[in-house]
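Chain order of the listed sequences is A and B. Numbering (our numbering) for the first sequence: 1 to 112. Numbering (our numbering) for the second sequence: 1 to 237.
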Amino acid sequence: MGNQKLFKGSLQTIILKLLETNDKMYGYEITQHVKALTNGELKITEGALYPALHKLEADGLLDVEVAKVGNRLRKYYKLTEIGSKETANKLAEMQEFLKTMQHLVNPKFSSE
Amino acid sequence: MKLTTLQIEDLFKFTRKHFVYHYDVQSELVDHLANDIEEIWKETPQLSFQDARDTSFKKFGIFGFMDVIEAKQKQMNKGYRSILWRFFREWFTMPKMMTTLTVFLSLYLILKIQYSEYFLLGALFLILAVDLIKQTKARKTQKKKEQKQEKVFLLEAMIGNTRQGFATSGFFQLFNFLISVVDNVEFSNLPAHWLLLTSFSTTALLILFYVTAYLIPQKAEELLEETYPEYKLVKNL
Numbered sequence: 001m002g003n004q005k006l007f008k009g010s011l012q013t014i015i016l017k018l019l020e021t022n023d024k025m026y027g028y029e030i031t032q033h034v035k036a037l038t039n040g041e042l043k044i045t046e047g048a049l050y051p052a053l054h055k056l057e058a059d060g061l062l063d064v065e066v067a068k069v070g071n072r073l074r075k076y077y078k079l080t081e082i083g084s085k086e087t088a089n090k091l092a093e094m095q096e097f098l099k100t101m102q103h104l105v106n107p108k109f110s111s112e
Numbered sequence: 001m002k003l004t005t006l007q008i009e010d011l012f013k014f015t016r017k018h019f020v021y022h023y024d025v026q027s028e029l030v031d032h033l034a035n036d037i038e039e040i041w042k043e044t045p046q047l048s049f050q051d052a053r054d055t056s057f058k059k060f061g062i063f064g065f066m067d068v069i070e071a072k073q074k075q076m077n078k079g080y081r082s083i084l085w086r087f088f089r090e091w092f093t094m095p096k097m098m099t100t101l102t103v104f105l106s107l108y109l110i111l112k113i114q115y116s117e118y119f120l121l122g123a124l125f126l127i128l129a130v131d132l133i134k135q136t137k138a139r140k141t142q143k144k145k146e147q148k149q150e151k152v153f154l155l156e157a158m159i160g161n162t163r164q165g166f167a168t169s170g171f172f173q174l175f176n177f178l179i180s181v182v183d184n185v186e187f188s189n190l191p192a193h194w195l196l197l198t199s200f201s202t203t204a205l206l207i208l209f210y211v212t213a214y215l216i217p218q219k220a221e222e223l224l225e226e227t228y229p230e231y232k233l234v235k236n237l
């Protein structure tokens, strides 16, 4: 579980990337998707997911849609136009970060 | 196994018990808990509804729903500020700009009259008194809604309650300031730039007050529909 700390700073990027591939998703679906994609390695905690979603929504990167599913309401999130642009930026930033980390933790591997 | 309508209602009560008072925040959490409970039941179907619910709630961590509530509040503060700015700005563009200018110039001319500080003090006192009565009434209505457990959205509560933080506190500051200077300073003797500054800030404060106390509450339905895609759906349930 120690590696959860490493993931924490990337939560927004993960959400944006997922929404880029899946069009629209609801909160619980996001947690399950991440769990499945990482074989349970990464678990997004509920207490972190919704604040992140609400922040992205407040920043205008996400838009919401609500549908009645069975006996309850479901809130779907999807990328806005600004959100799509920001996703590209965040992903580029993430690639850059991964490269830098590679240099730091594995100098031999990165020098080839 | 799917959750029954009664169990969904229980989840709404559960969120309320854990300090989530607004319907928009509640409904998202209820859907989350419901999905998780259904998932838990797939693995351990013998677990009771209450136990599955508590297991799911524990995943939110020791602060429970607090982080979610806080983030939602921050998001809505931002939303409210942008609505406020949208309405406020209108008074500095035509045609409303004419009204703003008239108020501004009238204030300036009044301030030039002898003993104008007493006039300003009296006017402020009147506005504050009327507003206090209005707010007390609004709070009573809000309480009744809460007691009846009506669905109150976060922005809806903010339109009714938060406004006192803005304009009224500004008026109070001005009121206090006037009381402290009224014995020593005569406005009519002050240089023109001070009078212009005082007229301008009072005009801005008056607009802010009018927008927060009258315009935004008047347009509440429209604003709520714009903010919440589910608003109409929920009110018709």
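The beta-carbon is built from N, C-alpha and C at its ideal position, and this holds for glycine as well. Predicted model only: the values in this text are computed from it and were never measured.
- Task: Return no unless some Cβ of chain A is closer than 8 Å to the Cβ of K13 (chain B).
- Result: no
- What span of residues does the alpha helix (DSSP H) with M76 (chain B) cover, start to end? M66 to E90
- Message: Quick check on Y50 (chain A) - is its C-beta less than 8 Å from some C-beta in chain B?
- Response: yes
- Message: Need the endpoints of the beta strand (DSSP E) that K59 (chain B) sits in, please.
- Response: No beta strand (DSSP E) contains K59 (chain B), which DSSP labels as neither H nor E.
- Message: What would DSSP say about D131 (chain B), mapped onto helix, strand or coil?
- Response: helix
- Task: Report all residues from its chain with a CB closer than 6 Å to the CB of F104 (chain B); omit the five preceding and five following residues, and keep chain order.
- Result: S199 and T203
- Message: Here's a check: name, in chain order, each residue in its chain whose Cβ is nearer than 7 Å to the Cβ of L132 (chain B), leaving out the five neighbours to either side.
- Response: none
- Check distances from the C-beta atoms of the segment 32 to 52 of chain B to those of chain A and list, in chain order, the residues that come in under 7 Å. H32, A34, N35 and D36
- Item | Where T5 (chain B) meets chain A, residues with beta-carbon distance less than 7 Å | N71
- Identify the continuous alpha helix (DSSP H) that holds Y214 (chain B) and give its terminal residues. Per DSSP, Y214 (chain B) belongs to no alpha helix (DSSP H) and is neither H nor E.
- Item | Delimiting residues of the alpha helix (DSSP H) encompassing L11 (chain A) | L11 to N22
- Task: Check whether the Cβ atoms of V64 (chain A) and K55 (chain A) lie closer than 8 Å to each other.
- Result: no
- Return helix, strand or coil for D63 (chain A), following the three-state DSSP convention. strand
- Relative to chain B, which residues along the segment 27 to 47 of chain A have a C-beta separation below 7 Å, given in chain order? G27, Y28, T45, E46 and G47
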